[in-house]
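Chains P, S, A and U, in that order, are what the protein sequence lines are.
First residue of the first sequence: 1, per my numbering; consecutive thereafter.
First residue of the second sequence: 1, per my numbering; consecutive thereafter.
First residue of the third sequence: 1, per my numbering; consecutive thereafter.
First residue of the fourth sequence: 1, per my numbering; consecutive thereafter.
Glycine is no exception: its CB is placed at the ideal position from the N, C-alpha and C atoms.
Number of protein chains: 4
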Amino acid sequence: MKAELRRQHILDCAKQVFAEKGYYEAYVEDVIKVAHIGKGTIYEYFRNKEDLFLSLLIRSLEEWKRTVSISHQDIKSLDPISYFRYRIKRTIIFLNNDRQLTSILLKTGFGFNPHIQKLIGEFEKNLRTHILYDLRLGKRLNILRNDIDLQMTTSILIGGILMIAYHAILTVPNLNEMEIDDLTDKFMKIFIKGMFKPEIIDQYDK
Amino acid sequence: MKAELRRQHILDCAKQVFAEKGYYEAYVEDVIKVAHIGKGTIYEYFRNKEDLFLSLLIRSLEEWKRTVSISHQDIKSLDPISYFRYRIKRTIIFLNNDRQLTSILLKTGFGFNPHIQKLIGEFEKNLRTHILYDLRLGKRLNILRNDIDLQMTTSILIGGILMIAYHAILTVPNLNEMEIDDLTDKFMKIFIKGMFKPEIIDQYDK
Amino acid sequence: MKAELRRQHILDCAKQVFAEKGYYEAYVEDVIKVAHIGKGTIYEYFRNKEDLFLSLLIRSLEEWKRTVSISHQDIKSLDPISYFRYRIKRTIIFLNNDRQLTSILLKTGFGFNPHIQKLIGEFEKNLRTHILYDLRLGKRLNILRNDIDLQMTTSILIGGILMIAYHAILTVPNLNEMEIDDLTDKFMKIFIKGMFKPEIIDQYDK
Amino acid sequence: MKAELRRQHILDCAKQVFAEKGYYEAYVEDVIKVAHIGKGTIYEYFRNKEDLFLSLLIRSLEEWKRTVSISHQDIKSLDPISYFRYRIKRTIIFLNNDRQLTSILLKTGFGFNPHIQKLIGEFEKNLRTHILYDLRLGKRLNILRNDIDLQMTTSILIGGILMIAYHAILTVPNLNEMEIDDLTDKFMKIFIKGMFKPEIIDQYDK
DNA sequence: CATGAATGAGTGTTCATTCAT
DNA sequence: GATGAATGAACACTCATTCAT
Chain P
1 MKAELRRQHI
11 LDCAKQVFAE
21 KGYYEAYVED
31 VIKVAHIGKG
41 TIYEYFRNKE
51 DLFLSLLIRS
61 LEEWKRTVSI
71 SHQDIKSLDP
81 ISYFRYRIKR
91 TIIFLNNDRQ
101 LTSILLKTGF
111 GFNPHIQKLI
121 GEFEKNLRTH
131 ILYDLRLGKR
141 LNILRNDIDL
151 QMTTSILIGG
161 ILMIAYHAIL
171 TVPNLNEMEI
181 DDLTDKFMKI
191 FIKGMFKPEI
201 IDQYDK
Chain S
1 MKAELRRQHI
11 LDCAKQVFAE
21 KGYYEAYVED
31 VIKVAHIGKG
41 TIYEYFRNKE
51 DLFLSLLIRS
61 LEEWKRTVSI
71 SHQDIKSLDP
81 ISYFRYRIKR
91 TIIFLNNDRQ
101 LTSILLKTGF
111 GFNPHIQKLI
121 GEFEKNLRTH
131 ILYDLRLGKR
141 LNILRNDIDL
151 QMTTSILIGG
161 ILMIAYHAIL
171 TVPNLNEMEI
181 DDLTDKFMKI
191 FIKGMFKPEI
201 IDQYDK
Chain A
1 MKAELRRQHI
11 LDCAKQVFAE
21 KGYYEAYVED
31 VIKVAHIGKG
41 TIYEYFRNKE
51 DLFLSLLIRS
61 LEEWKRTVSI
71 SHQDIKSLDP
81 ISYFRYRIKR
91 TIIFLNNDRQ
101 LTSILLKTGF
111 GFNPHIQKLI
121 GEFEKNLRTH
131 ILYDLRLGKR
141 LNILRNDIDL
151 QMTTSILIGG
161 ILMIAYHAIL
171 TVPNLNEMEI
181 DDLTDKFMKI
191 FIKGMFKPEI
201 IDQYDK
Chain U
1 MKAELRRQHI
11 LDCAKQVFAE
21 KGYYEAYVED
31 VIKVAHIGKG
41 TIYEYFRNKE
51 DLFLSLLIRS
61 LEEWKRTVSI
71 SHQDIKSLDP
81 ISYFRYRIKR
91 TIIFLNNDRQ
101 LTSILLKTGF
111 GFNPHIQKLI
121 GEFEKNLRTH
131 ILYDLRLGKR
141 LNILRNDIDL
151 QMTTSILIGG
161 ILMIAYHAIL
171 TVPNLNEMEI
181 DDLTDKFMKI
191 FIKGMFKPEI
201 IDQYDK
């Protein structure tokens, strides 16, 4: 049990370091300094630096699932858009709370670096699966427009929300409940009614 | 003059290598091999690896501006949404054509790594400025909803379009004109009318 | 008493590991795994890795002495060459039975590595003393040629027999009684009559 | 060309270090200190420590072949035993001159350590091939006894001569021509007429 | 006594950068 | 200007040993 606590402690410290420096510029040396442990200790818990990083992402992914998930009862009690809003808000809350993770995700890049690809890729795929699941549900419930491309919408949602989190982290120290609500509402507006004024759309449709 | 050609040649090769491996896993050695030049030569044209990378991004940024820009005459001849569509399409074309750059942007991450931050950050800021300019124009022309947050919309647009580019690169070898048009239309739909059916929105508004 | 048994058990396991991997590539970790003991336990019985190795050699040396030794009564009942043959055969039997030791001796090298030198050196000196004792006995009994150099003959015997043991271990799984007899005879032949045909030697002598 | 000289210089220094400390206790750091080169330089010429060691052995093997080899004309002018003596003497001269190599061979062990086995093994195989070639020649020329086992004789010769070289290195600073001749003669005696007095052999034969 | 989690000095190796030619 | 051999600071990782439990 104490071992598990220590493992978690190392992961916490590693997260802090990776968030600050990014994968490549974060040194194992840095992590052990922050964690106040010996150099060899880290290798008792993780095979190597890559394994440490992967373990970190996996743990955060689990956390994310827990934070964002919603019980089936709750689904019924919410109207579709409120449900969608709930999801978005929870995601923003999660990214706001776990700014270190957000920083890691953004710094490392979603890209397909041969070494890190499988790590970050795994994370991104999971995120995508979750969102795609919601959108498919929305389609079955006849909530979404028929002409909406689900894959693309997922991409825009992920890309958009991450970019917003990135800016929030850069500008505001930590968002409070009200600011999060505000952010969520602004985000929703784009995806509910689009950017343009109705009259412009009407012109365009004709 | 020959020097300038050589510089461009090195940048081309560096781009290829950075696109394939990402900043950290791309070695100067790799670049000089691809460029068929001596190891010292690269340092005649660039202060160091970082400068090489920065120069690369700056050049691509200039290219991007040229590709995406639109003359003032053309603006008048287009209705607002078509203008917006034109911008999006040009961006997709650019990212599609310059897949190496797209790959670099995604691999390196938009993040704020102490070393690379100023490089990628510079690029991202420029991208943002351009889009923000368009959106402000749209606001002045009374095209956009009043309740739209410009900064956020910019974030969503950048994040979304990059994420889409990332997936397009991963899945399709190279997009043809038709596919680009299709992609653009799908993208536009989200931002024109939102994701939800009108009746759902009506329910929510009440 | 139980402590002594445990010590012996550790030595047995250490022998197995050292034989398989050699001194440097055998890890204390490997030994404790084979011995099914805790990591600290080995240091209850041995000062350090070097001490463990030395203890191993000392024990084997004692065993070797017992295996090869012959009672004084038996000496009288044997003719000189048979006595010599007996010694050789016993040595081959010993090396064959204790292939792990043979492997260790050959892998570690007789060399004079600063750290291991004193260990292996000790073993080699003992081996040499024993053989030299026999040869001196032979000289006193007027059995050996007068022009034979005892030190050199000892070297050749040790070097030769170890090299043969090495090849036997590499090629044959385990020698049976008959094969050992055969090996002994072949070995003896060289040292009894030399390599060359009598007529060749006669020519050379003139 | 200068590169080749530098390579040879590094090999010389590496040989010195390996001879003094053995493979495992010789550090790359030691070699670069002796060679007065930068740490990276060694990796310009050799893939890694193992490659450095292997290259060393290969070079010495070539040298050994040259030193020990004898022209075809010379073969005809020598009687069989003189030819054999010539070979032995040349080998002793080689091992005496190249005491560092001898030390390396003895320190590393002829053994079959998984990592070094293929290196030392290669060397030992070559040595064996050469000697075996001579012995087979002797057999064809009807010089050697018919009851002599060639493989075993080869083993005894290699083992014996290495063990002698080991002792010579330990005891005498450097052998002069006369001492080498003396050593060769003593060595030859064993293999020409055996150890025992004729009358003892006669008794045994009966 | 036995244990095994914790340790850190010590290694091999990499790769951006320099500078003599 | 062009080159590439030389460099060494930096880094991940190992493994014998210790010591609190």
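Residue i versus chain A: which residues are under 7 Å apart at the beta carbon?
{"i": "U/S155", "result": "G160, M163, I164, H167"}
{"i": "U/D147", "result": "K189"}
{"i": "U/I200", "result": "P80, I81, I143"}
{"i": "U/M152", "result": "I164, K186, F187"}
{"i": "U/Y24", "result": "Y24"}
Could you tell me the distance, in whole angstroms, from the CA atom of residue i to the CA atom of residue j?
{"i": "S/I190", "j": "P/N126", "result": "23 Å"}
{"i": "S/T91", "j": "S/T67", "result": "8 Å"}
{"i": "U/V210", "j": "A/S103", "result": "A question about residue 210 of chain U goes unanswered here, because the residues of chain U that appear run from 1 up to 206."}
{"i": "U/D33", "j": "P/G159", "result": "It is Lys, not Asp, that sits at residue 33 of chain U in the sequence shown. Near 54 Å, if we compare the C-alpha coordinates of P/G159 and U/K33."}
{"i": "S/I200", "j": "P/P80", "result": "8 Å"}
{"i": "S/F112", "j": "S/N142", "result": "Legend: pLDDT at S/F112 = 45, less than 50; position of this residue unreliable, value from coordinates given subsequently. So the alpha carbons of these two residues sit roughly 35 Å apart."}
{"i": "U/L54", "j": "P/I120", "result": "41 Å"}
{"i": "S/D185", "j": "S/S82", "result": "11 Å"}
{"i": "S/F18", "j": "S/A26", "result": "6 Å"}
{"i": "P/L150", "j": "P/K139", "result": "9 Å"}
{"i": "S/L105", "j": "U/E62", "result": "54 Å"}
{"i": "P/D12", "j": "P/E4", "result": "12 Å"}
{"i": "A/V28", "j": "A/K39", "result": "8 Å"}
{"i": "U/R7", "j": "U/S69", "result": "25 Å"}
{"i": "S/D181", "j": "S/M152", "result": "25 Å"}
{"i": "P/H130", "j": "P/I156", "result": "14 Å"}
{"i": "A/H36", "j": "S/L52", "result": "57 Å"}
{"i": "S/D205", "j": "S/P198", "result": "10 Å"}
{"i": "P/Q16", "j": "S/E50", "result": "25 Å"}
{"i": "U/I148", "j": "U/V31", "result": "45 Å"}
{"i": "S/W64", "j": "S/F94", "result": "7 Å"}
{"i": "P/E20", "j": "U/R47", "result": "35 Å"}
{"i": "P/D74", "j": "S/Q203", "result": "19 Å"}
{"i": "S/T41", "j": "P/Y24", "result": "26 Å"}
{"i": "U/R128", "j": "A/R128", "result": "25 Å"}
{"i": "S/N146", "j": "P/N146", "result": "27 Å"}
Residues of chain U with a CB under 7 Å from the CB of residue i: which are they?
{"i": "A/Q203", "result": "D79"}
Strictly below 8 Å CB to CB, what residues from chain U border residue i?
{"i": "A/K197", "result": "N142, I143, L144, R145"}
Cβ of residue i within 8 Å of Cβ of residue j?
{"i": "S/K193", "j": "P/G194", "result": "yes"}
{"i": "S/Y43", "j": "S/I10", "result": "no"}
{"i": "U/R85", "j": "U/M188", "result": "yes"}
{"i": "S/L132", "j": "S/T154", "result": "yes"}
{"i": "U/L175", "j": "U/L183", "result": "yes"}
{"i": "P/F196", "j": "S/L144", "result": "yes"}
{"i": "A/A14", "j": "A/L57", "result": "no"}
{"i": "S/K107", "j": "S/G22", "result": "yes"}
{"i": "S/R87", "j": "S/D134", "result": "yes"}
Which partner residues of residue i appear in the DSSP bridge assignment?
{"i": "A/G196", "result": "Looking at the sequence provided, one finds Phe at residue 196 of chain A rather than Gly. According to DSSP, which records beta bridges pairwise, A/F196 is partnered with U/L144."}
So residue i contacts chain P; which residues on that side make the cut at Cβ distance below 8 Å?
{"i": "S/I192", "result": "G194, M195, F196, I201, Y204"}
{"i": "S/Y45", "result": "Per Cβ cutoff of 8 Å: no residues; S/Y45 is ~25 Å from chain P at best."}
Are three or more beta carbon pairs between the region 153-170 of chain U and the region 90-104 of chain U nearer than 8 Å? yes
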